[in-house]
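J.:
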Amino acid sequence: MRKKRLSIAAVVAGAATAALLLSGCVAGETQNPSAGSDNDQASSDTKTEGGTLNIDFATYNPLSLVIKDQGWLEDALDDQDITVNWVQSAGSNKANEALRANAIDVGSTAGSAALLARSNGSPIKTIDIFSQPEWSALAVGPNSDITSVEQLKGKKIAATKGTDPYFFLLQALEENGLSASDVTIENLQHADGWAALQNGSVDAWAGLDPIMAGAEEAGAKLIYRNVDFNSYGFLNATETFLDAKPDVAQTVVDTYEHARAWAAENPEKTAQILADVAGLDSAVATKVITERSNLDVDNVPGSAQEKVLKVIGPIFVESGDVPDQKQIDDALASLLDPEFAEKADPDAVGSK
0 MRKKRLSIAA VVAGAATAAL LLSGCVAGET QNPSAGSDND QASSDTKTEG GTLNIDFATY
60 NPLSLVIKDQ GWLEDALDDQ DITVNWVQSA GSNKANEALR ANAIDVGSTA GSAALLARSN
120 GSPIKTIDIF SQPEWSALAV GPNSDITSVE QLKGKKIAAT KGTDPYFFLL QALEENGLSA
180 SDVTIENLQH ADGWAALQNG SVDAWAGLDP IMAGAEEAGA KLIYRNVDFN SYGFLNATET
240 FLDAKPDVAQ TVVDTYEHAR AWAAENPEKT AQILADVAGL DSAVATKVIT ERSNLDVDNV
300 PGSAQEKVLK VIGPIFVESG DVPDQKQIDD ALASLLDPEF AEKADPDAVG SK
(Lines of atoms letter the chains of each structure in order from A and count residues from 1; the text may use other names and numbers.)
(Lines give C-alpha, C1' and ligand atoms only; values in the text may rest on other atoms or scores of the structure.)
Protein backbone atom coordinates (compact mmCIF):
# COMPACT_ATOMS: atom_id res chain seq x y z
CA MET A 1 0.00 0.00 0.00
CA ARG A 2 1.35 3.38 -0.96
CA LYS A 3 2.35 5.71 1.81
CA LYS A 4 0.52 8.97 2.04
CA ARG A 5 2.21 11.89 0.27
CA LEU A 6 2.78 15.19 1.96
CA SER A 7 2.61 18.35 -0.18
CA ILE A 8 3.97 21.77 0.71
CA ALA A 9 2.95 24.60 -1.54
CA ALA A 10 5.90 26.87 -1.00
CA VAL A 11 9.55 26.38 -0.17
CA VAL A 12 10.78 27.56 3.18
CA ALA A 13 13.28 30.35 2.99
CA GLY A 14 16.80 29.09 3.51
CA ALA A 15 20.15 30.49 4.50
CA ALA A 16 21.97 31.95 1.52
CA THR A 17 21.00 33.15 -1.87
CA ALA A 18 21.97 30.89 -4.71
CA ALA A 19 21.16 30.42 -8.23
CA LEU A 20 19.26 28.66 -12.21
CA LEU A 21 18.84 26.57 -16.65
CA LEU A 22 20.00 25.00 -20.67
CA SER A 23 21.97 24.52 -23.81
CA GLY A 24 21.90 23.43 -27.39
CA CYS A 25 25.05 21.34 -26.97
CA VAL A 26 25.22 17.59 -27.39
CA ALA A 27 24.58 15.59 -24.24
CA GLY A 28 27.62 14.50 -22.20
CA GLU A 29 29.46 11.42 -23.33
CA THR A 30 32.19 11.48 -20.69
CA GLN A 31 31.94 11.94 -16.98
CA ASN A 32 33.75 14.23 -14.60
CA PRO A 33 36.80 12.24 -13.52
CA SER A 34 37.02 14.19 -10.28
CA ALA A 35 33.55 13.13 -9.14
CA GLY A 36 33.93 10.75 -6.23
CA SER A 37 32.77 7.16 -6.14
CA ASP A 38 32.59 6.87 -2.35
CA ASN A 39 28.95 5.88 -2.60
CA ASP A 40 29.59 2.86 -4.87
CA GLN A 41 29.95 0.33 -2.06
CA ALA A 42 27.71 2.22 0.34
CA SER A 43 24.75 2.24 -2.04
CA SER A 44 24.92 -1.53 -2.42
CA ASP A 45 25.30 -2.15 1.32
CA THR A 46 22.95 0.47 2.72
CA LYS A 47 19.22 0.02 3.09
CA THR A 48 17.57 3.01 4.68
CA GLU A 49 14.61 2.23 6.93
CA GLY A 50 12.08 4.86 7.96
CA GLY A 51 12.28 8.62 7.83
CA THR A 52 11.35 11.13 5.16
CA LEU A 53 12.61 11.97 1.69
CA ASN A 54 12.23 15.72 1.15
CA ILE A 55 12.21 16.38 -2.59
CA ASP A 56 11.08 19.25 -4.75
CA PHE A 57 8.73 19.55 -7.67
CA ALA A 58 8.74 22.49 -10.07
CA THR A 59 6.86 23.56 -13.15
CA TYR A 60 10.20 24.06 -14.92
CA ASN A 61 10.95 20.37 -14.27
CA PRO A 62 8.21 18.34 -16.01
CA LEU A 63 9.62 15.00 -14.88
CA SER A 64 9.17 16.00 -11.24
CA LEU A 65 5.50 16.71 -11.94
CA VAL A 66 5.03 13.33 -13.60
CA ILE A 67 6.70 11.49 -10.71
CA LYS A 68 4.60 13.31 -8.13
CA ASP A 69 1.41 12.72 -10.11
CA GLN A 70 2.01 9.02 -10.66
CA GLY A 71 3.16 8.23 -7.12
CA TRP A 72 6.13 6.12 -8.22
CA LEU A 73 8.46 7.30 -5.46
CA GLU A 74 5.89 6.51 -2.80
CA ASP A 75 5.48 3.01 -4.23
CA ALA A 76 9.22 2.43 -4.56
CA LEU A 77 10.00 3.52 -0.99
CA ASP A 78 6.96 2.00 0.71
CA ASP A 79 8.68 -1.21 1.79
CA GLN A 80 11.38 0.90 3.47
CA ASP A 81 8.72 2.84 5.39
CA ILE A 82 9.98 6.13 3.92
CA THR A 83 7.54 9.01 3.58
CA VAL A 84 7.87 11.27 0.52
CA ASN A 85 7.48 14.96 1.31
CA TRP A 86 7.01 17.11 -1.81
CA VAL A 87 8.10 20.77 -1.66
CA GLN A 88 7.42 23.16 -4.53
CA SER A 89 10.31 25.22 -5.91
CA ALA A 90 9.30 28.52 -7.50
CA GLY A 91 12.69 28.88 -9.16
CA SER A 92 16.24 27.53 -9.09
CA ASN A 93 17.16 30.13 -6.50
CA LYS A 94 14.44 28.84 -4.17
CA ALA A 95 15.47 25.22 -4.73
CA ASN A 96 19.05 26.16 -3.87
CA GLU A 97 17.97 28.00 -0.74
CA ALA A 98 16.04 24.93 0.39
CA LEU A 99 18.97 22.60 -0.36
CA ARG A 100 21.37 24.81 1.56
CA ALA A 101 18.99 24.97 4.52
CA ASN A 102 18.51 21.16 4.41
CA ALA A 103 14.79 21.75 3.91
CA ILE A 104 14.99 19.37 0.94
CA ASP A 105 17.34 16.50 0.14
CA VAL A 106 16.92 16.65 -3.63
CA GLY A 107 16.12 19.72 -5.72
CA SER A 108 15.94 20.70 -9.37
CA THR A 109 17.73 23.74 -10.76
CA ALA A 110 19.30 25.03 -13.90
CA GLY A 111 22.93 24.10 -14.35
CA SER A 112 24.02 27.70 -13.90
CA ALA A 113 22.24 27.89 -10.56
CA ALA A 114 23.81 24.67 -9.33
CA LEU A 115 27.29 25.92 -10.22
CA LEU A 116 26.68 29.26 -8.53
CA ALA A 117 25.45 27.56 -5.37
CA ARG A 118 28.42 25.18 -5.23
CA SER A 119 30.83 28.06 -5.95
CA ASN A 120 29.48 29.90 -2.92
CA GLY A 121 29.89 26.94 -0.60
CA SER A 122 26.62 25.03 -0.85
CA PRO A 123 27.47 21.31 -0.42
CA ILE A 124 25.45 19.91 -3.32
CA LYS A 125 26.18 17.49 -6.13
CA THR A 126 24.39 16.95 -9.43
CA ILE A 127 23.19 13.34 -9.69
CA ASP A 128 21.05 13.43 -12.85
CA ILE A 129 20.27 15.64 -15.86
CA PHE A 130 16.51 15.96 -16.33
CA SER A 131 16.32 18.14 -19.45
CA GLN A 132 18.11 20.29 -22.00
CA PRO A 133 15.45 22.97 -22.38
CA GLU A 134 15.09 26.29 -24.08
CA TRP A 135 13.33 27.79 -21.11
CA SER A 136 14.69 31.35 -21.10
CA ALA A 137 14.20 34.32 -23.43
CA LEU A 138 13.76 38.11 -23.22
CA ALA A 139 10.16 39.24 -23.42
CA VAL A 140 8.34 42.55 -23.73
CA GLY A 141 4.69 43.43 -23.41
CA PRO A 142 2.13 43.18 -26.24
CA ASN A 143 2.19 46.92 -26.92
CA SER A 144 5.92 47.51 -26.52
CA ASP A 145 7.87 49.06 -29.39
CA ILE A 146 11.10 47.40 -28.21
CA THR A 147 12.26 44.87 -30.78
CA SER A 148 15.95 44.33 -29.98
CA VAL A 149 18.31 43.92 -27.03
CA GLU A 150 20.11 47.16 -27.96
CA GLN A 151 16.90 49.07 -27.29
CA LEU A 152 16.93 47.89 -23.67
CA LYS A 153 19.64 50.40 -22.76
CA GLY A 154 18.39 52.54 -19.89
CA LYS A 155 15.34 50.31 -19.40
CA LYS A 156 14.05 48.32 -16.42
CA ILE A 157 14.22 44.54 -16.80
CA ALA A 158 12.75 41.97 -14.40
CA ALA A 159 14.87 38.90 -13.68
CA THR A 160 15.25 36.42 -10.83
CA LYS A 161 18.84 36.67 -9.60
CA GLY A 162 20.63 33.34 -9.35
CA THR A 163 18.54 31.68 -12.05
CA ASP A 164 19.04 30.81 -15.72
CA PRO A 165 16.93 33.73 -17.00
CA TYR A 166 19.15 36.12 -15.02
CA PHE A 167 22.31 34.69 -16.56
CA PHE A 168 20.58 34.53 -19.93
CA LEU A 169 19.96 38.27 -19.61
CA LEU A 170 23.60 39.01 -18.74
CA GLN A 171 24.82 36.98 -21.71
CA ALA A 172 22.28 38.58 -24.06
CA LEU A 173 23.36 42.07 -22.98
CA GLU A 174 27.04 41.26 -23.50
CA GLU A 175 26.34 39.68 -26.89
CA ASN A 176 24.70 42.93 -27.98
CA GLY A 177 27.28 45.37 -26.68
CA LEU A 178 25.66 46.20 -23.33
CA SER A 179 26.29 45.31 -19.69
CA ALA A 180 24.24 45.08 -16.52
CA SER A 181 25.22 48.67 -15.71
CA ASP A 182 23.44 49.85 -18.87
CA VAL A 183 20.06 48.66 -17.56
CA THR A 184 18.20 48.46 -14.26
CA ILE A 185 17.62 44.86 -13.21
CA GLU A 186 14.62 44.39 -10.92
CA ASN A 187 15.14 41.24 -8.84
CA LEU A 188 11.72 39.61 -8.92
CA GLN A 189 10.65 35.97 -8.73
CA HIS A 190 9.62 34.59 -12.13
CA ALA A 191 5.84 34.97 -11.77
CA ASP A 192 6.28 38.43 -10.25
CA GLY A 193 8.43 39.45 -13.22
CA TRP A 194 5.64 38.59 -15.62
CA ALA A 195 3.19 40.49 -13.43
CA ALA A 196 5.51 43.52 -13.44
CA LEU A 197 5.71 43.40 -17.22
CA GLN A 198 1.93 43.29 -17.42
CA ASN A 199 1.41 46.28 -15.14
CA GLY A 200 4.12 48.34 -16.86
CA SER A 201 6.52 48.66 -13.92
CA VAL A 202 9.29 47.09 -16.05
CA ASP A 203 10.05 47.38 -19.75
CA ALA A 204 11.18 43.79 -20.30
CA TRP A 205 11.36 40.46 -18.52
CA ALA A 206 13.87 37.61 -18.59
CA GLY A 207 11.25 34.91 -18.69
CA LEU A 208 11.08 31.26 -17.72
CA ASP A 209 8.84 28.51 -19.05
CA PRO A 210 6.13 27.51 -18.48
CA ILE A 211 5.21 31.02 -17.23
CA MET A 212 6.80 32.50 -20.35
CA ALA A 213 4.77 30.27 -22.67
CA GLY A 214 1.61 31.44 -20.92
CA ALA A 215 2.78 35.03 -21.29
CA GLU A 216 3.22 34.50 -25.03
CA GLU A 217 -0.34 33.23 -25.21
CA ALA A 218 -1.40 36.45 -23.47
CA GLY A 219 0.41 38.56 -26.09
CA ALA A 220 3.95 38.98 -24.75
CA LYS A 221 6.61 39.11 -27.46
CA LEU A 222 9.96 37.33 -27.30
CA ILE A 223 12.56 39.76 -28.64
CA TYR A 224 15.62 37.60 -28.06
CA ARG A 225 16.11 33.83 -28.00
CA ASN A 226 19.37 31.87 -27.92
CA VAL A 227 19.31 28.22 -26.92
CA ASP A 228 23.08 28.27 -26.31
CA PHE A 229 22.59 30.72 -23.44
CA ASN A 230 20.41 28.26 -21.54
CA SER A 231 21.95 25.63 -19.24
CA TYR A 232 20.74 22.08 -18.62
CA GLY A 233 18.20 21.00 -16.01
CA PHE A 234 20.18 19.61 -13.05
CA LEU A 235 18.87 17.31 -10.34
CA ASN A 236 20.92 18.07 -7.24
CA ALA A 237 21.24 16.47 -3.82
CA THR A 238 22.94 17.51 -0.60
CA GLU A 239 26.19 15.74 0.22
CA THR A 240 24.77 14.85 3.64
CA PHE A 241 21.88 13.01 2.00
CA LEU A 242 24.11 11.22 -0.51
CA ASP A 243 26.48 10.05 2.23
CA ALA A 244 23.72 8.90 4.59
CA LYS A 245 21.16 7.49 2.13
CA PRO A 246 22.79 6.54 -1.17
CA ASP A 247 20.19 3.82 -1.75
CA VAL A 248 17.38 6.38 -1.59
CA ALA A 249 19.30 8.67 -3.94
CA GLN A 250 19.59 5.79 -6.40
CA THR A 251 15.85 5.16 -6.16
CA VAL A 252 15.22 8.84 -6.95
CA VAL A 253 17.39 8.67 -10.08
CA ASP A 254 15.86 5.34 -11.13
CA THR A 255 12.43 6.96 -10.78
CA TYR A 256 13.50 9.97 -12.84
CA GLU A 257 14.63 7.69 -15.65
CA HIS A 258 11.39 5.72 -15.43
CA ALA A 259 9.52 9.03 -15.71
CA ARG A 260 11.60 10.08 -18.72
CA ALA A 261 10.61 6.90 -20.59
CA TRP A 262 6.98 7.37 -19.58
CA ALA A 263 6.97 11.01 -20.72
CA ALA A 264 8.41 10.01 -24.11
CA GLU A 265 5.59 7.51 -24.56
CA ASN A 266 2.92 9.84 -23.17
CA PRO A 267 3.64 13.43 -24.29
CA GLU A 268 -0.03 14.44 -24.18
CA LYS A 269 -0.49 13.16 -20.64
CA THR A 270 2.77 14.84 -19.60
CA ALA A 271 1.56 18.14 -21.05
CA GLN A 272 -1.77 17.78 -19.25
CA ILE A 273 -0.03 17.19 -15.93
CA LEU A 274 1.98 20.37 -16.51
CA ALA A 275 -1.16 22.26 -17.51
CA ASP A 276 -2.97 21.17 -14.34
CA VAL A 277 -0.13 22.08 -11.96
CA ALA A 278 0.87 25.34 -13.65
CA GLY A 279 -2.66 26.48 -14.49
CA LEU A 280 -1.91 26.61 -18.20
CA ASP A 281 -4.06 26.07 -21.25
CA SER A 282 -3.37 22.56 -22.54
CA ALA A 283 -2.13 23.93 -25.89
CA VAL A 284 0.44 26.11 -24.10
CA ALA A 285 1.59 23.20 -21.94
CA THR A 286 1.92 21.04 -25.04
CA LYS A 287 4.13 23.69 -26.62
CA VAL A 288 6.39 23.71 -23.57
CA ILE A 289 6.73 19.91 -23.53
CA THR A 290 7.05 19.24 -27.24
CA GLU A 291 8.99 22.32 -28.40
CA ARG A 292 11.05 23.70 -25.51
CA SER A 293 11.69 21.06 -22.84
CA ASN A 294 13.89 18.47 -24.62
CA LEU A 295 13.59 15.62 -22.15
CA ASP A 296 15.35 13.27 -24.59
CA VAL A 297 18.85 13.97 -23.29
CA ASP A 298 21.71 11.92 -21.86
CA ASN A 299 20.99 11.83 -18.14
CA VAL A 300 24.62 11.32 -17.04
CA PRO A 301 26.26 14.55 -15.81
CA GLY A 302 29.47 15.01 -17.79
CA SER A 303 31.43 16.91 -20.41
CA ALA A 304 28.47 18.51 -22.16
CA GLN A 305 27.41 20.25 -18.96
CA GLU A 306 31.02 21.20 -18.16
CA LYS A 307 31.29 22.86 -21.57
CA VAL A 308 28.27 25.05 -20.93
CA LEU A 309 29.22 25.94 -17.36
CA LYS A 310 32.77 26.91 -18.31
CA VAL A 311 31.23 29.64 -20.45
CA ILE A 312 28.77 30.79 -17.78
CA GLY A 313 31.18 30.59 -14.81
CA PRO A 314 33.24 33.74 -15.53
CA ILE A 315 30.02 35.75 -15.69
CA PHE A 316 29.53 35.02 -11.98
CA VAL A 317 32.84 36.71 -11.22
CA GLU A 318 32.17 39.67 -13.53
CA SER A 319 28.76 40.23 -11.96
CA GLY A 320 30.12 39.95 -8.41
CA ASP A 321 28.08 36.84 -7.58
CA VAL A 322 31.29 34.86 -6.89
CA PRO A 323 34.49 36.49 -5.55
CA ASP A 324 37.02 34.80 -7.83
CA GLN A 325 37.47 32.32 -10.67
CA LYS A 326 39.18 29.73 -8.45
CA GLN A 327 35.91 29.18 -6.61
CA ILE A 328 34.22 28.57 -9.96
CA ASP A 329 36.92 26.12 -11.04
CA ASP A 330 36.83 24.24 -7.74
CA ALA A 331 33.04 24.01 -7.86
CA LEU A 332 33.00 22.75 -11.43
CA ALA A 333 35.58 20.10 -10.55
CA SER A 334 33.42 18.76 -7.71
CA LEU A 335 29.80 19.43 -8.71
CA LEU A 336 29.00 16.63 -11.14
CA ASP A 337 28.53 13.13 -9.69
CA PRO A 338 27.72 10.68 -12.53
CA GLU A 339 27.63 7.55 -10.37
CA PHE A 340 23.87 7.39 -9.76
CA ALA A 341 22.91 8.25 -13.33
CA GLU A 342 25.33 5.65 -14.70
CA LYS A 343 23.66 2.95 -12.60
CA ALA A 344 20.10 4.15 -13.26
CA ASP A 345 17.59 1.34 -13.83
CA PRO A 346 14.21 2.64 -15.08
CA ASP A 347 12.75 -0.86 -14.80
CA ALA A 348 13.47 -0.96 -11.07
CA VAL A 349 10.49 1.34 -10.63
CA GLY A 350 7.01 0.01 -11.38
CA SER A 351 4.08 2.03 -12.66
CA LYS A 352 0.72 2.11 -10.93
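Just so we're aligned: 202 in numbering that gives the first Met the number 0 is position 203 of the sequence shown, and the numbers increase by one with no gaps anywhere.
Using N, Cα and C, we set each Cβ at its ideal position, and we do this for glycine too.
If you're wondering where the values come from, they're calculated on a predicted model, not measured in any experiment.
(1) Please work out which residues of its chain come closer than 6 Å, Cβ to Cβ, to residue 284, disregarding the five sequence neighbours upstream and downstream, and give them in chain order.
(2) Check the Cβ-Cβ distances between residue 176 and every residue of chain D, and say whether any is below 7 Å.
(3) Tell me which residues share the same chain as residue 253 and place their Cβ nearer than 6 Å to its Cβ, disregarding the 5 neighbours each side in the sequence.
(4) Any chance the region 178 to 198 sits against the region 110 to 123, with 3 or more Cβ pairs inside 8 Å?
(5) Is residue 277 closer than 7 Å to residue 58 when the C-beta atoms are compared?
(6) Within 10 Å of its beta-carbon, does residue 265 have 16 or more other beta-carbons around it, so buried, or fewer, so exposed?
(7) Pull up the distance between the alpha-carbon of residue 161 and that of residue 50, whole angstroms please.
(8) Express the C-alpha separation of residue 230 and residue 109 in angstroms, rounding to a whole number.
(9) Report the rounded CA-to-CA distance for residue 352 versus residue 267, giving the unit in angstroms.
(10) Quickly, what does DSSP pair residue 136 with across the bridge? List them, please.
(11) Per DSSP, what kind of secondary structure is residue 223 in: helix, strand or coil?
(12) Give every residue of the same chain whose Cβ lies closer than 6 Å to the Cβ of residue 105, excluding the five residues on either side of it in the sequence, and list them in chain order.
(13) Going by DSSP, what residues sit across from residue 55 in a beta bridge?
(14) Rounded to a whole number of angstroms, what is the C-alpha to C-alpha distance between residue 64 and residue 323?
(15) Can you list, in chain order, the residues of its chain whose CB lies under 6 Å from that of residue 240, leaving out five sequence neighbours each side?
(16) By Cβ distance, which residues of its chain are closer than 8 Å to residue 167, with the 5 residues on each side in sequence left out?
(17) Which of the three DSSP states is assigned to residue 252 in this structure?
(18) State the DSSP-derived secondary structure class of residue 172, mapped to helix, strand or coil.
(19) Just to check my reading of the structure: residue 262 and residue 294 have Cβ atoms closer than 8 Å, yes? What is that Cβ distance to the nearest angstrom?
T.: Let me lay it out:
(1) Within the sequence shown, the letter at position 285 stands for residue 284. Excluding positions up to five away in sequence, the list reads 270, 273, 274.
(2) You won't find chain D in this structure, because it holds only one protein chain.
(3) Working through the sequence shown from its first residue, we reach residue 253 at position 254. The residues are 343, 344, 347, 348.
(4) no
(5) Working through the sequence shown from its first residue, we reach residue 58 at position 59. Working through the sequence shown from its first residue, we reach residue 277 at position 278. Yes. Within cutoff.
(6) Start at 1 with the first residue of the sequence shown, and residue 265 comes out as number 266. Burial call: exposed.
(7) If you number the sequence shown from 1, residue 161 lands on position 162. If you number the sequence shown from 1, residue 50 lands on position 51. Cα-Cα distance, rounded: 31 Å.
(8) Translated into the one-based positions of the sequence shown, residue 109 becomes position 110. Translated into the one-based positions of the sequence shown, residue 230 becomes position 231. Straight-line Cα distance between these residues: approximately 6 Å.
(9) There is no way to answer for residue 352, as the model of the chain reaches only from 0 to 351.
(10) Here residue 136 refers to the residue found at position 137 of the sequence shown. Beta-bridge pairing links residue 136 to 206.
(11) Position 224 of the sequence shown holds residue 223. Reduced to three states, the DSSP call for residue 223 is strand.
(12) As a first step, residue 105 is located in the sequence shown; it is residue number 106 there, counting from the start. Correct list, in chain order: 54, 236, 251.
(13) By one-based count along the sequence shown, residue 55 stands at place 56. Note: residue 55 sits in a beta bridge opposite 86.
(14) Within the sequence shown, residue 64 is the residue found at index 65, counting from 1. Within the sequence shown, residue 323 is the residue found at index 324, counting from 1. In a straight line, the C-alpha of residue 64 is about 37 Å away from that of residue 323.
(15) On the sequence shown, position 241 is the one that residue 240 refers to. The answer, listed in chain order, is 104.
(16) The residue labelled residue 167 in the question sits at position 168 within the sequence shown. Within the same chain, residue 167 has close Cβ partners 20, 135, 136, 137, 205, 225, 228, 229.
(17) Taking the sequence shown and counting its residues from 1, the one referred to as residue 252 is at position 253. Residue state, collapsed to three classes: helix.
(18) Residue 172 sits at position 173 when you count from the first residue of the sequence shown. Three-state result, residue 172: helix.
(19) Position 263 of the sequence shown, counted from the first residue, corresponds to residue 262. Position 295 of the sequence shown, counted from the first residue, corresponds to residue 294. Yes, they are in contact, since the Cβ atoms of residue 262 and residue 294 sit about 6 Å apart, within 8 Å.
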